[in-house]
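Enquirer: Please read through the structure below; I'll follow up with questions.
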């Protein structure tokens with residue numbers, strides 16, 4: 002039987018880290034002002050970096066949402082059970098990625 006209190010504290014810890022990342026990415030994805038006199042090449046770099054940060058921002062938001070869902074379902078009887086094969090998800094995987102709903106085999 003898995004220790005849900007360990008997983009719960011890991012989820013809460015990961016939520017705090019991910020919320021901070023969302024804040025950082027939100028700042029990095031603000032529009033680049035055309036009035037910015039940074040030069041054409043520097044502006045292209047800034048636009049490219051913004052698009053990379055946009056993807057990271059969306060991934061962080063999705064992860065945060067999934068972590069919150071996992072936290073809300075931690076007391077469900079099927080928490081930690083693979084959604085596909087119905088086998089227990091190894092504790093190590095849950096501690097590494099507490100938002101997962103599939104075992105390694107089914108995730109591939």
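Numbering (my numbering), first residue to last: 2 to 109.
Yeah, the Cβ is synthetic: ideal placement off N, Cα and C, and Gly gets one too.
All values reported here derive from a predicted model rather than from experimental measurement.
1) Roughly how far, in whole angstroms, is the beta-carbon of residue 96 from the beta-carbon of residue 8, given that I think they are within contact range, below 8 Å?
2) DSSP state of residue 82, grouped into three classes?
3) With distance defined between alpha-carbon atoms, name the residue in 100, 52, 10 and 86 nearest to residue 68.
4) Within its chain, find whatever has a CB closer than 7 Å to the CB of residue 22; leave out the 5 residues flanking it on each side and keep chain order.
5) Using the C-alpha atoms, what's the distance from residue 66 back to residue 91?
6) Between residue 49 and residue 63, what straight-line distance do the alpha-carbon atoms span, to the nearest angstrom?
7) Using the DSSP secondary-structure output, state which residues sit across from residue 91 in a beta bridge.
8) Give the secondary structure of residue 43 by DSSP, where H, G and I count as helix, E and B as strand, and everything else as coil.
9) Taking the alpha-carbon of residue 56 as reference, which of 73, 76, 30 and 43 has the nearest alpha-carbon?
10) In the DSSP assignment, find the alpha helix (DSSP H) that holds residue 16 and state where it starts and stops.
11) For a test of the three-state rule: what should DSSP assign to residue 75, helix, strand or coil?
Expert: So, from the listed chains and residues:
1) As a position in the chain shown, residue 96 is number 95, starting the count at 1. As a position in the chain shown, residue 8 is number 7, starting the count at 1. Right, their Cβ atoms sit about 7 Å apart.
2) Walking along the chain shown from the start, residue 82 turns up at place 81. Strand, per DSSP.
3) Residue 68 sits at position 67 when you count from the first residue of the chain shown. When only C-alpha atoms are compared, the closest one is 100.
4) One-based indexing of the chain shown puts residue 22 at position 21. Answer for residue 22: 61, listed in chain order.
5) Within the chain shown, numbered from 1, the residue matching residue 91 stands at position 90. Within the chain shown, numbered from 1, the residue matching residue 66 stands at position 65. C-alpha separation (whole angstroms): 22 Å.
6) In the chain shown, the residue the question calls residue 49 occupies position 48. In the chain shown, the residue the question calls residue 63 occupies position 62. The C-alpha of residue 63 is placed about 22 Å away from the C-alpha of residue 49.
7) Within the chain shown, numbered from 1, the residue matching residue 91 stands at position 90. Its beta-bridge partners do not exist; DSSP assigns none.
8) The count along the chain shown starts at 1 and reaches residue 43 at position 42. Residue state, collapsed to three classes: helix.
9) The residue given as residue 56 occupies position 55 in the chain shown. The candidate whose alpha carbon is nearest that of residue 56 is 30.
10) For this step, residue 16 is matched to residue 15 along the chain shown. 5 to 29 is the span of the alpha helix (DSSP H), which, as asked, contains residue 16.
11) One-based indexing of the chain shown puts residue 75 at position 74. DSSP places residue 75 in coil when its eight states are reduced to three.
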